[in-house]
Amino acid sequence: MHRKLKNNELGRLSTEEFKEAEKINVTVVLDNIRSQHNIGAAFRTSDSFLIERMVLCGCCATPPTAEIHKSALGAEFSVDWEYHKETVDAVAALKGAGYTIISVEQAENSIKLQDIGEYLSAGNLLGKKYALVFGNEVKGVQQEVVDMSDAVIEIPQYGTKHSLNISVSLGIVLWEFCKVLKINQ
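In this text, residue positions in the sequence shown follow our numbering: the first is 10, and each later residue adds one.
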């Protein structure tokens, strides 16, 4: 038999505890995400995986908005974030700060998501800082940003549709990244 846990049994961090908690060395970069619901979902997912921050770029709305809050459920207050008008400027700054830039996109010579641990190990990149770039709902990650990336990872897909909603992609990629990073700590 299974009993659903009550909220007070979940061990949730307060916003203050979240701010003080040790984060994984991942920054999520949103490249021109149009939907505030998707931005809110990105905040909520980023909170659940203890990422260090989000970088909102281009046409991304920024908190506080009712639409972001509706999906974020308050995670826009726990996850640190910043805004850059141009994604290429944000990526250049992250690269300059020593981040490994990884775009999530379908591209030539991409790394399949399930092979990310192998890639990080082979390149002696475990324990480093990573910026994961997620692209626009229609156009994906800008080619100029892909060109600036150290790697491109692709989520294998097998059906007739070869695209996932940004919030779904973000959840899948962060889950896989966390598995690799937590195992190799």
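Backbone N, C-alpha and C fix where the C-beta goes; we use that ideal spot for every residue, glycine too.
Out of Ile162, Lys32, Gly49 and His11, the CA that lies nearest to the CA of Gln115 is found in Ile162.
The continuous beta strand (DSSP E) containing Ser112 extends over residues Tyr108 to Val113.
With fewer than 16 other CB atoms across the displayed protein chains lying within 10 angstroms of its CB, Ala131 is exposed. Here Thr109 is not near Val38, since their CB atoms are 9 Å or more apart. Approximately 5 Å separates the beta-carbon atoms of Thr24 and Ser87; this is inside 8 Å, confirming the contact. Looking at Lys104, Glu18, Lys28 and Ile111, the one whose alpha-carbon comes closest to that of Ala84 is Lys28. In the pairwise beta carbon analysis, the segment 39-50 is classified as touching the segment 136-145: at least three pairs are separated by under 8 Å. The segment 32-118 contains, as complete alpha helix (DSSP H) runs of 4+ residues, the segments 45-57, 75-81, 84-87 and 96-105 (chain order). Here Ser172 is exposed: its Cβ has fewer than 16 other Cβ atoms, across all protein chains shown, within 10 Å.
When secondary structure is reduced to three states using DSSP, Leu141 falls in the strand class. Under DSSP, Ala160 shares a beta bridge with Ile111. The beta carbons of Asn34 and Lys137 sit closer together than 9 Å. Beta-bridge analysis with DSSP links Lys148 to no other residue.
By the neighbour-count definition (other C-beta atoms within 10 Å, threshold 16), Gly149 is a buried residue.
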